[in-house]
Every structure is written in C-alpha cells, then in structure tokens.
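Colleague: Residues 69 to 156 (this note's numbering) make up the sequence shown, in order.
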Amino acid sequence: MLRRIPPLFPPYTWNVTKSPLMANNALTISVGQWNHRLEHLCGVSCPSVWKLIHWLKVDASQVSTTLLNAARGEHPRKRVKRVYTQLH
Numbered sequence: 069m070l071r072r073i074p075p076l077f078p079p080y081t082w083n084v085t086k087s088p089l090m091a092n093n094a095l096t097i098s099v100g101q102w103n104h105r106l107e108h109l110c111g112v113s114c115p116s117v118w119k120l121i122h123w124l125k126v127d128a129s130q131v132s133t134t135l136l137n138a139a140r141g142e143h144p145r146k147r148v149k150r151v152y153t154q155l156h
C-alpha cells in the first residue's frame, strides 16, 4: 500500500508566477535588458565561468564609470548614425 507524503517544499514556496516581483513588469524588463547586454558584451550566450567572471567585472566597471559621470553632471553622449553625420 502506497502512502502519499506531503512535499518537502509546497508549490506556494517555490512557484514565482504570482509573486509580487513578477507583477512588476519593469523589473522583468530591466533584468531582460541586462541579460541581453551581458550576452552582447560577452559575444556568446554561454561563456565559461572564468570568461563570465571577467565580463561581469568589465560590466561593473562600465556601470560605475557611467554613475560617476552622471554624478559629475556629464550626460552620456548620444550615438549618432554615420548616415546622419555631416561630412563637411
């Protein structure tokens, strides 16, 4: 005879589909943007652990530089497509 044992971790503990964090779309979008930026920075979708650590350090230094520049009042330069630059 089999006896049903309750799960060690019930679904409400680990299921995040209805969590308050998932309700915030801005958080989900910003995490997705960061993930895309890191993948673009690394150049591959699944880097090795050592390369991932290296690129995380590079990303952290770029973010800290951007924050320091913003604290000094320097606005980031807008990227202009070469098609629209004046050549004379």
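Just so you know, even glycine gets a beta-carbon here, dropped at the ideal spot from N, CA and C.
From a predicted model like this one, the values you see are computed outputs, not experimental measurements.
Just the C-alpha distance for TRP123 and ARG71, rounded to the nearest angstrom, thanks.
Modeller: 50 Å
Colleague: On the three-pair Cβ rule with 8 Å, is the region 126-146 touching the region 101-111?
Modeller: yes
Colleague: Suppose contacts are defined by Cβ-Cβ distances below 8 Å. Is THR163 in contact with PRO144 by that definition?
Modeller: Any property of residue 163 remains undetermined from this structure, which presents the chain solely from 69 to 156.
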